[in-house]
Each structure stands twice: as structure tokens, then as C-alpha cells.
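Notes follow the structure.
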Amino acid sequence: MNSNDDIQLNLQPPQVQNIQAFSIDEELDEHAAKLKGIELGPLKELMLYDDAVSDIMVNGPDRIFIEKHGKIELAPVKFESLEQLERVIDNILAPVGRHIGPEAPMVDARLPDGSRVNVVIPPISLVGPMISIRKYPKSKLTISDLLRYGSLSQEMAEFLKICVMSRKNIIIA
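In my numbering, the protein residues as written are 11 to 183.
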């Protein structure tokens with residue numbers, strides 16, 4: 011093994027790695043193109059152009075939070091109005107054939123790019139319409155990434171490396 015990043019890659023033959031990488035990249039490009047056609051308002055920049063953002067949490071029109079590198083922060087964008095937020099919710103749900111309203115005030119869906127979305131409106135939400143988007147990662151996290159973000163200690167990284175090399179079963183929750 012050359013590095014911790016090689017653990018996952020060396021578990022598969024090189025030709026399988028190349029096929030999977032090509033298929034995933036090609037599929038992501040296709041889905042991202044579909045997502046670009048959806049009017050997302052202030053979420054567009056966060057969804058399409060900031061790969062460091064992994065989660066977007068909208069709590070009403072003027073409180074948007076993002077998760078970047080494992081840290082949650084207030085986003086530098088807001089919706090212009092409650093009506094714009096409601097239009098964006100409709101724009102997000104329509105292409106996936108979902109609808110939100112008094113009869114169904116909570117909806118879970120998957121966006122064309124693979125991102126998961128959850129939308130909640132009153133009376134379930136007490137602060138107005140809420141959106142939670144878990145973006146589909148464009149690349150897989152490596153052990154080095156987890157160490158750099160402080161999500162994993164060096165000792166735990168070594169332990170996981172030994173487990174993988176020993177072909178142990180691992181459950182991550």
C-alpha cells in the first residue's frame with residue numbers, strides 16, 4: 011500500500027475501477043445538466059457550482075445554512091420572498107413528479123443529480139417552508155479527507171486500514 015487513499019482502489023482490478031469511474035462521471039454530467047434547467051433561485055450557486063457544500067438547509071426564506079467540510083454555517087444567500095421560496099420548492103419537486111400541499115405537507119424525493127431532498131411546510135414546520143438537500147458527492151471521500159476535516163483521528167484511520175487489509179466486515183452508521 012502506498013497510502014491510505016489506496017485502500018479502496020486496490021480492492022478492485024484496475025479495469026473495473028476505470029469502468030466505474032467513467033460511468034459515474036458520465037452519469038453525474040448528465041444529471042447535472044438536467045438540474046441546471048431547474049430554477050433554483052439562490053440555491054443554484056450552492057447546488058451546481060460549490061462542490062464543497064454537502065448539505066443545504068433552508069429554514070424559511072431568509073435562513074439558509076450549508077454544510078462545508080463537516081461544518082455548518084449560515085449561507086451568504088437568501089430568498090427574495092416567501093413566494094420565491096415556494097416557487098423554488100415547486101420547481102424542485104415538479105420534475106420528479108412530487109407535489110407538496112396541505113394533504114401532503116412533507117415530501118422526500120431524489121433530484122436528477124442524485125441529491126436527496128426533503129421538503130416540509132406548515133403546519134408540520136413552525137417556521138414556514140423548509141428544505142433539506144443532501145448533495146450527491148462528485149467524488150468519494152478518502153481517509154486523508156476525513157483526517158483533514160477532523161472527522162477521523164490518525165489512530166482510527168490506522169485501525170480502519172488494518173480492518174480493510176484484513177478483509178474484516180465493517181459497519182458504518
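Backbone N, C-alpha and C fix where the C-beta goes; we use that ideal spot for every residue, glycine too.
(1) Whose C-beta lies closer than 6 Å to the C-beta of G5 among residues of the same chain, with five residues either side of it excluded?
(2) Could you give the residue range of the alpha helix (DSSP H) that holds V98?
(3) For the alpha helix (DSSP H) that contains D65, what are its first and last residues?
(4) On the criterion of 16 or more Cβ atoms from any shown chain inside 10 Å, does L103 qualify as buried, or is it exposed?
(5) What residue from L58, V117, L50, L170 has the CA that sits closest to T152's CA?
(6) With DSSP run on the structure shown, which of helix, strand or coil describes D35?
(7) Quick one: using the 10 Å Cβ neighbour count with 16 as the cut-off for buried, is V106 buried or exposed?
(8) Who are the near neighbours of R120 in its chain, counting only those whose CB is closer than 8 Å to its CB and skipping five residues on each side?
(9) Give the secondary structure of S176 by DSSP, where H, G and I count as helix, E and B as strand, and everything else as coil.
(10) Note down, in chain order, each residue of its chain lying with its Cβ closer than 8 Å to the Cβ of N179, except the 5 sequence neighbours on either side.
(11) When you compare the CB positions of M116 and V98, do they come within less than 8 Å of one another, or not?
(12) Under the assumption that M67 contacts S161 (Cβ atoms under 8 Å), give the Cβ distance between them as a whole number of angstroms.
(13) Could you give the residue range of the beta strand (DSSP E) that holds S142?
The answer reads as follows:
(1) Residue 5 is absent from the structure shown; the chain starts at 11 and stops at 183.
(2) Boundaries of the alpha helix (DSSP H) around V98: 92-103.
(3) Segment 63-69 is the beta strand (DSSP E) holding D65; no alpha helix (DSSP H) there.
(4) L103 is buried by the Cβ-count criterion.
(5) Taking only the C-alpha atoms, the option nearest T152 is L170.
(6) Note on D35: pLDDT 48, under 50, position unreliable in the model; the coordinate value appears next. It is helical.
(7) So V106 ends up on the exposed side.
(8) Here the set comprises V106, R126, V127.
(9) S176 falls in the coil class under three-state DSSP.
(10) Setting aside the 5 residues that flank it on each side, N179 has no residue in the same chain whose C-beta is closer than 8 Å to its C-beta.
(11) Cβ distance not < 8 Å, so M116 and V98 don't count as in contact.
(12) About 19 Å separates the two Cβ atoms, so there is no contact after all.
(13) In the DSSP assignment, S142 falls within the unbroken beta strand (DSSP E) covering 140-144.
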